[in-house]
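S.K.: Before I ask anything, here is the structure I am working with.
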Amino acid sequence: MKREEKGKRDKQGFHDGEFDGCKPLERSKDAISKRVFMRGFFFCENMGRFYAIPIAVLINPLPFLAALVLVLPLAAETKRGTVIYDAEGFFRDDFRSGNLSKWGLSEDNRYNLQSHTAGRIDVVDAPGLPVGTKAVRFKVPRAPNSFRAEISTRHEEGFQERWHSQRLLVPKEWVPEFNAKGNDIVMQWHGIPGNWKATYPNLEISIGRDKWFVRQSFGSAREPKRVNKELNEKVVPGQWSSW
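Take any residue in the sequence shown, note its place counting from 1, add 1060, and you have its number in our numbering.
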């Protein structure tokens, strides 16, 4: 979960697994605490709660699973967040182990953490899903210097085809913030900066007001081209959405 600009109120999110975590974005002063649940393999939350199911990343086009699955090449590193294939060519994590040992951890401006803070990133029972289904819950308090709670995978070589899938649920008590200065990012993909430091995700899925957004940043890091697409579909609290 990621907040585009630092906010001042609590936010919580749930994620079943994620390559570039959940980070909350800044919200208006009248914002209220919210949670996000991500089930399966990836979940994020910002304004309220989000529930997400595992993300699927496939080397070749394949049917998406009912859970978030990430498929990436085997990396030589063994650090947190290193992507490791299983025999079928998938990176999987349904969080039923109760730990996040496969993931890189970040909270606010602290990266590559060896452990997460209880209450900020937690493995929990996935709301409204079958018994035994787990999700990751993220919480970003609305307070100074509080703007990020995420899990992620490490980088890999570029120019490779990857397929991703996830499912999100915003809780019924979620209330849209129409005066917020930024969106709440629930999923993002980042490139590694070159000589010029990139400031935007290359691709993100986020929530602004009561709408879904898909935003891109590409080209020169010094003068990037940006695409901001507001989808027609509204965020429906209490209802799962699939991506």
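Ideal Cβ placement from N, Cα and C applies to all residues, glycine included. As the structure is a prediction and not an experimental result, all values here were calculated from the model.
Considering Cα atoms alone, identify which of 1240, 1163, 1062 and 1179 is closest to residue 1197.
M.R.: One-based indexing of the sequence shown puts residue 1197 at position 137. Considering only alpha carbons, the answer is 1179.
S.K.: Is residue 1262 closer than 8 Å to residue 1272 when the C-beta atoms are compared?
M.R.: Counting from 1 along the sequence shown, the entry for residue 1272 is found at position 212. Counting from 1 along the sequence shown, the entry for residue 1262 is found at position 202. 8 Å or more divides the Cβ of residue 1272 from the Cβ of residue 1262.
S.K.: Would you call the segment 1145–1158 and the segment 1215–1227 touching, i.e. three or more CB-CB distances under 8 Å?
M.R.: no
S.K.: Which runs of the beta strand (DSSP E) spanning at least 3 residues fall entirely within the segment 1212–1251, listed in chain order?
M.R.: 1227–1229 and 1244–1249
S.K.: On the three-pair Cβ rule with 8 Å, is the segment 1164–1179 touching the segment 1208–1219?
M.R.: yes
S.K.: Which residues mark the beginning and the end of the beta strand (DSSP E) in which residue 1294 is found?
M.R.: Taking the sequence shown and counting its residues from 1, the one referred to as residue 1294 is at position 234. Segment 1285–1294, the beta strand (DSSP E) holding residue 1294.
S.K.: Thinking just about the alpha-carbon of each residue, which of 1275, 1165, 1265 and 1269 is nearest to the one in residue 1303?
M.R.: The count along the sequence shown starts at 1 and reaches residue 1303 at position 243. Here the closest residue by C-alpha is 1265.
S.K.: By the 10 Å Cβ neighbour count, where 16 or more other Cβ atoms means buried, how is residue 1245 classified, buried or exposed?
M.R.: Counting from one through the sequence shown, the residue named residue 1245 turns up at place 185. Buried.
S.K.: Using the rule of at least 16 other Cβ atoms within 10 Å of the residue's Cβ for burial, across every protein chain shown, is residue 1005 buried or exposed?
M.R.: Because the chain in this structure spans residues 1061 to 1303, residue 1005 falls outside the shown range and cannot be described.
S.K.: Between 1229, 1237, 1251 and 1230, which has its C-alpha nearest residue 1219's C-alpha?
M.R.: The sequence position of residue 1219 within the sequence shown is 159, counting from 1. Closest option to residue 1219, Cα to Cα, is 1251.
S.K.: Going residue by residue through the segment 1250–1279, where are the continuous beta strand (DSSP E) segments of at least 3 residues, counting only ones entirely within it?
M.R.: 1263–1268 and 1271–1278
S.K.: Rounded to the nearest angstrom, how far is the Cβ of residue 1187 from that of residue 1230, given a contact under 8 Å?
M.R.: For the purposes of this step, residue 1187 is taken as residue 127 along the sequence shown, with counting starting at 1. For the purposes of this step, residue 1230 is taken as residue 170 along the sequence shown, with counting starting at 1. Actually they are not in contact, since the Cβ atoms of residue 1187 and residue 1230 sit about 11 Å apart, beyond 8 Å.
S.K.: In terms of residues, what are the limits of the beta strand (DSSP E) holding residue 1197?
M.R.: The sequence position of residue 1197 within the sequence shown is 137, counting from 1. Element bounds for residue 1197: 1194–1199.
S.K.: Quick check: what's the CA-CA separation for residue 1195 versus residue 1279?
M.R.: As a working mapping, residue 1195 is identified with position 135 in the sequence shown. As a working mapping, residue 1279 is identified with position 219 in the sequence shown. Spanning the two alpha carbons is a distance of roughly 35 Å.
S.K.: Does the beta-carbon of residue 1191 have 16 or more other beta-carbons within 10 angstroms, so that it is buried, or is it exposed?
M.R.: Residue numbering aside, residue 1191 sits at position 131 when the sequence shown is read from its first letter. It is exposed - the Cβ of residue 1191 has fewer than 16 other Cβ atoms within 10 Å.
S.K.: By the three-class DSSP mapping on this structure, what secondary structure does residue 1140 have?
M.R.: Counted from its first residue, the sequence shown places residue 1140 at position 80. If DSSP states are grouped into helix, strand and coil, residue 1140 belongs with coil.
S.K.: Among 1260, 1255 and 1182, which one has its Cα closest to the Cα of residue 1306?
M.R.: Since the first and last residues shown for the chain are 1061 and 1303, residue 1306 lies out of range.
S.K.: Check the C-beta distance from residue 1367 over to residue 1256 and give it rounded, since I have them as a contact under 8 Å.
M.R.: In the structure as shown, the chain starts at 1061 and stops at 1303, and residue 1367 therefore has no counterpart that could be examined.
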